[in-house]
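Enquirer: Sharing a structure here in structure tokens format.
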Amino acid sequence: MKKSFLALLVSSVFLLSACDEKENRTEATEIKQTEQTQQTTQAPETVQPSEKVATDKLNAEIITLFEKGKSVDLDESTEHKFNPAEPFFLSVQAPKTGVQWLDNLLLIEAAKFILPVDQDKPFPFTVVQTNLKASLEAALATYYDEYAKEINESLVEMKKFDIEAGDATEQNWQPSPMMTSQYFNLESKFLDQQRNIATFFFYFENYTGGAHGWHNGVTVNADLDRQSLISVEDLFGKEENSNKAVKALLWESYKNYHWALTQEFAKDSNEPAPSREKFEAEFKENAFIQPEDLYISNSFQFTKEGVMFSYPPYAIGSYAEGQIELLVEWKDIQPLLTKEYQGLAEYEFKPIPKE
């Protein structure tokens with residue numbers, strides 16, 4: 001029997017990452033739980049008005065908050081000399097605008113990508129903290145030292161195991177490239193400013209061993225009038241019906257995203273595309289997630305077309321699919337916005353870049 005078209009598409013996507021998809025299912029669940037928890041327990045901080053921002057004059061440079069170790073290409077890692085004192089690479093960037101409250105907010109957002117976050121406790125650094133930058137630098141240095149110690153202790157155990165197994169001797173043992181090529185890298189960028197909305201982007205990637213690393217791009221939006229970062233709750237309020245409506249729109253966007261992939265796959269493979277009705281039926285059975293699993297991402301960007309929500313690998317798709325972006329157009333989402341942000345559709349946000 002000829003395999004259904006959508007099933008072939010789904011199978012082709014999963015084959016790309018079949019090497020470790022099963023073992024990463026747990027990680028996928030943890031990512032979803034972490035992001036959902038952050039939205040309810042870590043609302044963006046707000047500071048008391050102390051600086052008036054000239055909204056047409058905001059500029060930003062990118063600073064390095066912390067950097068230590070040497071960046072190593074995994075394919076070339078056997079050629080570099082391993083340094084136990086700096087066994088991995090850690091680099092953290094953050095935007096600097098010269099507006100203290102905003103810079104402090106962005107520093108904290110950057111640090112959260114690296115420093116352990118206890119979902120049940122407030123983050124131990126605050127926007128109004130004196131010498132915040134120095135405190136975060138010290139915390140990142142401590143994190144580096146502690147993780148470096150863990151790597152070196154693991155290498156000692158691996159060496160002992162290999163020698164006892166007869167796979168190496170004291171003289172010829174070499175550490176695994178997967179252990180000596182670990183890195184955590186956070187880059188940042190100032191994307192845009194329209195009136196009181198300033199948008200920044202963080203791109204995080206890391207490798208801690210295994211078949212591949214992990215990456216995630218996160219967009220944050222600062223309200224320069226309120227002097228805070230805009231959360232999902234700020235946009236849509238706490239009403240359950242409003243949030244259900246947003247999730248329903250996201251689910252339609254999620255289906256449309258896969259419908260577009262189906263059309264593209266048909267074109268590239270010279271196969272007839274299925275009808276929308278057949279696609280809907282098969283998608284319901286084969287989708288990576290179900291409607292109840294889809295959450296409102298706290299990583300979103302305002303565009304000319306609407307609000308673009310971004311999801312990391314494993315959150316709503318396989319690793320092979322990478323980061324998935326779901327657009328909800330202004331005509332659909334504007335009625336669901338809180339009164340404070342009803343006017344966003346009239347802002348001159350940039351259009352979505354053409355691929």
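When we follow the UniProt record's numbering, the leftmost residue of the sequence shown carries the number 1, and every step to the right adds one.
For each residue, glycine too, the CB sits at the ideal point set by N, CA and C.
Quantities reported herein were computed from a predicted structural model and do not represent experimental measurements.
Can you grab the Cα-Cα spacing for the pair Met179 / Tyr319, in whole Å?
Expert: Here residue 179 corresponds to residue number 179 of the sequence shown, with the count starting at 1. Here residue 319 corresponds to residue number 319 of the sequence shown, with the count starting at 1. The alpha-carbon atoms of Met179 and Tyr319 are separated by roughly 22 Å.
Enquirer: Can you have a look at Val128 and say buried or exposed, based on whether 16 or more other CB atoms are within 10 angstroms of its CB?
Expert: The count along the sequence shown starts at 1 and reaches residue 128 at position 128. It counts as exposed.
Enquirer: Nearest-angstrom Cα distance between Ala266 and Pro313?
Expert: Here residue 266 corresponds to residue number 266 of the sequence shown, with the count starting at 1. Here residue 313 corresponds to residue number 313 of the sequence shown, with the count starting at 1. Rounded to whole angstroms, Ala266 to Pro313 spans 24 Å at the Cα level.
Enquirer: Counting only the same chain and skipping the five closest in sequence on each side, list residues whose C-beta sits under 6 Å from that of Gln42.
Expert: Taking the sequence shown and counting its residues from 1, one reaches residue 42 at position 42. Note that Gln42 has pLDDT 44, beneath the 50 cutoff, so the model's placement of it is unreliable and the number below is only indicative. Once the five neighbours on either side are set aside, Gln42 has no close Cβ partner at all.
Enquirer: When the Cα of Gln290 is compared with those of Ile333, Ala248 and Ala141, which residue comes out closest?
Expert: Position 290 of the sequence shown, counting from 1, holds the residue named residue 290. Here the closest residue by C-alpha is Ala248.
Enquirer: Label Gly98 either buried or exposed according to how many other C-beta atoms from any shown protein chain fall within 10 Å of its C-beta, with 16 as the threshold for buried.
Expert: As a first step, residue 98 must be located in the sequence shown, where it is residue number 98. With fewer than 16 Cβ atoms within 10 Å of its Cβ, Gly98 is classed as exposed.
Enquirer: DSSP three-state label for Val13, please.
Expert: Position 13 of the sequence shown, counting from 1, holds the residue named residue 13. Unreliable positioning characterises Val13 in this predicted model, as indicated by a pLDDT of 37, which lies under 50. A coordinate reading is not provided.
Enquirer: Report the partner residues of Ser188 according to the DSSP bridge assignment.
Expert: Working through the sequence shown from its first residue, we reach residue 188 at position 188. Answer is Phe202, bridged to Ser188.
Enquirer: Can you give the Cα-Cα distance for Ser135 and Gln93, rounded to whole angstroms?
Expert: Taking the sequence shown and counting its residues from 1, the one referred to as residue 135 is at position 135. Taking the sequence shown and counting its residues from 1, the one referred to as residue 93 is at position 93. Each residue's Cα considered, the two are about 15 Å apart.
Enquirer: For Val328, does the count of other Cβ atoms within 10 angstroms reach 16, so buried, or fall short, so exposed?
Expert: Translated into positions along the sequence shown, residue 328 becomes position 328. Classification of Val328: buried, given that the 10 Å Cβ count is 16 or more.
Enquirer: My output table needs one value for Leu337: the three-state DSSP class, helix, strand or coil.
Expert: Here residue 337 is taken as the residue at index 337 of the sequence shown, counted from 1. DSSP places Leu337 in coil when its eight states are reduced to three.
Enquirer: Report the CB separation of Ile163 from Pro87 in whole angstroms; it is logged as a contact under 8 Å.
Expert: For the purposes of this step, residue 163 is identified with residue 163 of the sequence shown, where counting begins at 1. For the purposes of this step, residue 87 is identified with residue 87 of the sequence shown, where counting begins at 1. The Cβ separation is near 20 Å, so there is no contact.
Enquirer: Using the rule of at least 16 other Cβ atoms within 10 Å of the residue's Cβ for burial, across every protein chain shown, is Asp120 buried or exposed?
Expert: For the purposes of this step, residue 120 is identified with residue 120 of the sequence shown, where counting begins at 1. Asp120 comes out exposed.
Enquirer: Counting along the chain, where does the beta strand (DSSP E) carrying Glu325 start and finish?
Expert: Taking the sequence shown and counting its residues from 1, one reaches residue 325 at position 325. Start and end: Ile324 to Glu329.
Enquirer: Where Pro177 and Thr199 are concerned, what is the direct C-alpha to C-alpha distance, given to the nearest angstrom?
Expert: The sequence position of residue 177 within the sequence shown is 177, counting from 1. The sequence position of residue 199 within the sequence shown is 199, counting from 1. The straight-line gap from Cα to Cα measures roughly 38 Å.
Enquirer: Which residues share a DSSP beta bridge with Gly217?
Expert: Stepping through the sequence shown from its first residue, residue 217 is reached at position 217. Looking at the DSSP assignment, Gly217 forms a beta bridge with Tyr203.
Enquirer: Using the beta-carbon count (16 or more within 10 Å), is Gly210 buried or exposed?
Expert: Here the question's residue 210 lines up with position 210 in the sequence shown. When all chains shown are included, Gly210 counts as exposed.
Enquirer: Using a Cβ-Cβ cutoff of less than 8 Å, which residues in the same chain neighbour Lys159 once the five nearest sequence positions on both sides are dropped?
Expert: Taking the first residue of the sequence shown as position 1, residue 159 is located at position 159. Contacts found: Ala168, Trp173 and Pro175.
Enquirer: Considering only heavy atoms of the ligand MG, does any lie closer than 7 Å to the CB of Phe279?
Expert: With respect to the ligand MG, the structure shown offers nothing to examine, as it has no ligands at all.
Enquirer: Under a three-way DSSP split, which group does Phe265 fall into?
Expert: The sequence position of residue 265 within the sequence shown is 265, counting from 1. Helix.
Enquirer: How big is the Cα-Cα spacing for His258 and Leu140?
Expert: Counting from one through the sequence shown, the residue named residue 258 turns up at place 258. Counting from one through the sequence shown, the residue named residue 140 turns up at place 140. Rounded to whole angstroms, His258 to Leu140 spans 40 Å at the Cα level.
Enquirer: Suppose the cutoff is 7 Å on Cβ atoms and the five residues either side in sequence are ignored; what does the same chain contact list for Leu336 look like?
Expert: Along the sequence shown, one-based indexing puts residue 336 at 336. Result list for Leu336: Phe236, Ser242, Ala245 and Val246, in chain order.
Enquirer: Mapping DSSP to helix, strand and coil, what is Pro177?
Expert: Here residue 177 corresponds to residue number 177 of the sequence shown, with the count starting at 1. In this structure, Pro177 counts as helix in the three-state DSSP scheme.
Enquirer: Does the beta-carbon of Pro274 have 16 or more other beta-carbons within 10 angstroms, so that it is buried, or is it exposed?
Expert: Here the question's residue 274 lines up with position 274 in the sequence shown. Pro274 is buried by the Cβ-count criterion.
Enquirer: Quick one: residues in its chain with C-beta nearer than 8 Å to the C-beta of Tyr207, no 5 flanking neighbours on either side, listed in chain order?
Expert: Along the sequence shown, one-based indexing puts residue 207 at 207. Hits under 8 Å: Leu74, Ser181, Gln182, Tyr183, Gly213 and Trp214.
Enquirer: Identify the continuous beta strand (DSSP E) that holds Val307 and give its terminal residues.
Expert: Sequence index remark: in the sequence shown, residue 307 carries index 307 (1-based). First-last of the beta strand (DSSP E) with Val307: Gly306 to Tyr311.
Enquirer: Whole-angstrom Cβ separation of Pro95 and Ile62, contact assumed at under 8 Å?
Expert: Here residue 95 is taken as the residue at index 95 of the sequence shown, counted from 1. Here residue 62 is taken as the residue at index 62 of the sequence shown, counted from 1. Their Cβ separation, rounded to whole angstroms, is 6 Å, which keeps Pro95 and Ile62 in contact under 8 Å.
Enquirer: How is Gln100 classed by DSSP in three states: helix, strand or coil?
Expert: To locate residue 100, count along the sequence shown from 1; it is residue 100. Gln100: helix per DSSP, three-state reduction.
Enquirer: Should the segment 184 to 197 be called in touch with the segment 280 to 299, which here means at least 3 C-beta pairs below 8 Å?
Expert: No, the segment 184 to 197 does not touch the segment 280 to 299.
Enquirer: For Leu191, which of Glu325, Lys331 and Gln301 has the nearest alpha-carbon?
Expert: As a position in the sequence shown, residue 191 is number 191, starting the count at 1. Comparing Cα positions, the closest option is Gln301.
Enquirer: Residues in the same chain with beta-carbon distance under 7 Å from Gly317, minus the five sequence neighbours each way, listed in chain order, please.
Expert: The sequence position of residue 317 within the sequence shown is 317, counting from 1. Around Gly317: Phe288 and Ile324.
Enquirer: Mind checking whether Thr303 and Asp234 have CB atoms under 8 Å apart?
Expert: Translated into the one-based positions of the sequence shown, residue 303 becomes position 303. Translated into the one-based positions of the sequence shown, residue 234 becomes position 234. No. Outside cutoff.
Enquirer: If you follow the alpha helix (DSSP H) that Ile289 is part of, which residue opens it and which one closes it?
Expert: Numbered from 1 along the sequence shown, position 289 holds the residue referred to as residue 289. Element bounds for Ile289: n/a, residue is neither H nor E.
Enquirer: Going by Cα to Cα distance, which pick from Ser231, Asn59, Ser71 and Ala148 is closest to Ile296?
Expert: Residue numbering aside, residue 296 sits at position 296 when the sequence shown is read from its first letter. It is Ser231 whose Cα lies nearest to the Cα of Ile296.
Enquirer: Between Glu153, Asn104, Lys70 and Val156, which has its C-alpha nearest Asn131's C-alpha?
Expert: What you label residue 131 is simply residue 131 of the sequence shown in a count that begins at 1. Comparing Cα positions, the closest option is Asn104.
Enquirer: Go ahead and pull the three-state DSSP assignment for Ile352.
Expert: Counting from 1 along the sequence shown, the entry for residue 352 is found at position 352. Ile352 falls in the coil class under three-state DSSP.
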